[in-house]
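Remarks on the structure that follows.
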Amino acid sequence: MAQMAATRLGAVFSPLVNLIELAGVMVVIVFGAWELSQGRISVGGLLVFLVYLSQLYRPIRGLSRLLNTVYAASASAERIIEFLDREPAVKEHAWARPLPPVRGIVELDGVSFQYPETENPALDNVSLQVWPGETLALLGPSGSGKSTIAKLLLRFLDPDDGAVRLDGHDLRDLTLRSLRENVAVLFQETLLFDGSVRENIAYGRPGATEEEIVSAAKTADANEFIEQLSEGYDTRIGQKGRLLSGGQRQRIAMARAMVRDAPILILDEPTTGLDAATARRMMAPLKRLMEGRATIIVSHDLDAVRDADRIVVLENGRIIETGTHEELAERNGVAGAWARQA
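Numbering (the numbering used here), first residue to last: 25 to 366.
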C-alpha cells in the first residue's frame with residue numbers, strides 16, 4: 025500500500041516540479057527582459073536572479089526525494105509489522121518441560137495431518153519408529169508427505185491426530201528449545217549465512233570451542249579446503265555461501281551438524297543438485313555424521329538410500345511399502361518399479 029502511494033506520488037510530483045520550474049524560469053526571463061528594456065535592471069542583475077531561482081528549486085526537489093523515502097520506509101515498516109504480528113503455527117504450552125537426556129528413539133503413532141485449505145491429508149494414519157543408530161529412509165514422490173514428517177519432528181507443525189514422540193515423550197509436552205537442540209538437519213538447499221566459515225560452523229552449537237569447530241570440519245572433510253581459503257576459518261563466504269562451490273557449502277553444513285552433536289539427524293536429499301563426483305566424495309563424511317544417531321533420510325531416489333537400514337515408501341500420505349533396498353527392488357511394488365526404470 026505505502027509502496028504504491030510512493031510510486032503514485034513520484035509519478036505526479038516529479039513532472040509537476042519540472043513544470044513549475046520551467047514556468048518560473050520563463051516568467052523571470054520575460055519579466056526580466058521587460059525590466060531590462062526599461063532600464064530598471066542590468067544584465068548582471070537578471071543573471072544573478074536566475075541563479076538564485078535555480079537554487080530555490082534544489083530544496084524542493086530534495087523534499088520530493090524525502091517524501092519518496094518516507095513512503096518507502098513506510099512500506100518496509102508495514103512488512104515488518106506484518107511479520108511481527110504473525111502467529112506461529114505451533115505454540116509452547118504453559119506446562120511444557122525441558123527434554124531430559126535423549127537416547128534418540130523417534131516414534132510416530134497413528135499420525136494424520138492436513139494443511140489448511142487442502143482437500144486431501146498430507147499424512148493419513150502414519151506409524152513408524154526409528155531407533156538410535158538406525159537409518160530410516162522416507163521414499164516417495166513430491167507431495168507424498170516426506171517433508172511433512174520432518175516438519176512434525178521439528179515441531180514446526182502439530183499432528184491433527186496421533187502423536188509424535190521422542191524417547192516416549194510427546195513433543196507437545198516439551199519446550200521447543202530443548203526439542204530442537206536435540207535435532208540436527210541437513211537440507212537439500214544449504215543454509216549458510218554471510219559470515220565467516222568459523223561463525224557458520226559454530227552456529228550449530230553456540231559456545232563451541234575452536235578445537236571442536238576444527239574437529240568437526242576435519243570429520244566433514246572440510247578442513248583442507250578451509251585452510252586454503254584466503255583467511256582460513258575467518259574467510260567470509262558471502263550471502264548463502266555464494267563464494268564457495270556446492271560441495272564446499274554442503275561440507276560446511278555437515279560440519280555444523282557435527283559440532284551440534286545431536287542424537288537425531290534429518291537429511292533432506294543432501295546430495296541432490298551435486299555432480300556425481302562431489303556426491304560420491306560426500307558419502308564418507310555423511311556416514312561419519314550418521315554413526316550412532318537416529319537418522320531419517322528424505323529422498324525420492326531409491327538408489328540414493330540403498331545403505332539405509334529400513335526404507336518406508338510413502339504415497340498420498342500413506343505408507344505403502346516397507347523393507348530394505350534389496351527387498352523393495354525385488355518386489356513388484358512401487359519402489360521395485362522405480363528401481364527397474366532407473
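Note that the Cβ used here is the ideal one computed from N, Cα and C, for glycine as well.
None of the values given here were measured: they were computed from a predicted structure.
Other residues of its chain near residue i: CB distance less than 7 angstroms, five sequence neighbours each side excluded
i	result
Glu-45	Tyr-81
Met-282	Ala-240, Thr-243, Ala-244 and Leu-313
Arg-380	Because the chain is modelled from 25 through 366, residue 380 falls outside the range shown and cannot be assessed.
Val-52	Phe-73, Leu-74 and Leu-77
Ala-146	Phe-137, Gln-138, Tyr-139, Gly-169, Thr-172 and Gly-341
Val-238	Asn-247
Gln-70	For clarity, residue 70 is Leu in the given sequence; the question names Gln instead. The residues are Gly-56 and Leu-60.
Range covered by the alpha helix (DSSP H) that runs through residue i
i	result
Ala-353	349-354
Ala-240	234-243
Thr-172	170-177
Ala-226	221-226
Glu-111	It is not in any alpha helix (DSSP H) - Glu-111 carries neither H nor E in the DSSP assignment.
Glu-213	Here Glu-213 belongs to no alpha helix (DSSP H), and DSSP marks it neither H nor E.
Phe-249	247-251
Sheet register partners of residue i (DSSP bridge)
i	result
Val-135	Val-150
His-193	Leu-190
Asp-185	Ser-136
Ala-208	Leu-289
Ile-343	Leu-338
Arg-121	Leu-198
Thr-159	Thr-319
Val-130	Val-154 and Leu-190
Delimiting residues of the beta strand (DSSP E) encompassing residue i
i	result
Arg-334	334-339
Thr-199	Note, Thr-199: premise wrong, no beta strand (DSSP E); not H, not E.
Chain-order list of residues whose beta-carbon lies under 6 angstroms from that of residue i (same chain, five-residue window excluded)
i	result
Arg-260	Ser-220
Leu-160	Val-154, Ile-320 and Arg-334
Arg-342	Asp-148
Thr-346	Val-336
Ala-286	Asn-206, Val-207 and Ala-208
Pro-39	none
Any C-beta of chain C under 8 angstroms from that of residue i
i	result
Asn-340	This model lacks chain C altogether, as it is built from one protein chain only.
Sequence-distant residues of its chain with Cβ nearer than 8 angstroms to residue i (five each side left out)
i	result
Ser-166	His-324
Thr-199	Glu-116, Ala-120, Arg-121, Pro-122 and Leu-123
**Study point:** Stretch-stretch touch, CB-based, cutoff 8 angstroms, three pairs: the stretch 222-237 with the stretch 186-204
**Key:** no
Exercise for review: Please confirm if the stretch 195-210 is in contact with the stretch 252-268, defined as three or more CB-CB distances below 8 angstroms between the two stretches.
Suggested key: Using a Cβ-Cβ distance cut-off of 8 angstroms, the stretch 195-210 and the stretch 252-268 are not in contact, since fewer than three pairs of beta carbons, one from each stretch, lie closer than that value.
Practice item. Pick out the complete alpha helix (DSSP H) segments inside the stretch 33-62, 4 residues or longer, and give them in chain order. Key: Within the stretch 33-62, complete alpha helix (DSSP H) segments of at least 4 residues are not found at all.
Exercise for review: Go through the stretch 255-331 residue by residue and report every complete run of the alpha helix (DSSP H) that reaches 4 residues or more, in order.
Suggested key: 270-284 and 300-314
Practice item. State whether the stretch 270-282 contacts the stretch 172-188, with contact taken as three or more CB pairs (one from each stretch) at a distance under 8 angstroms. Key: no
Point to revise | At least 3 beta-carbon pairs within less than 8 angstroms: the stretch 134-143 vs the stretch 98-115 | key: no
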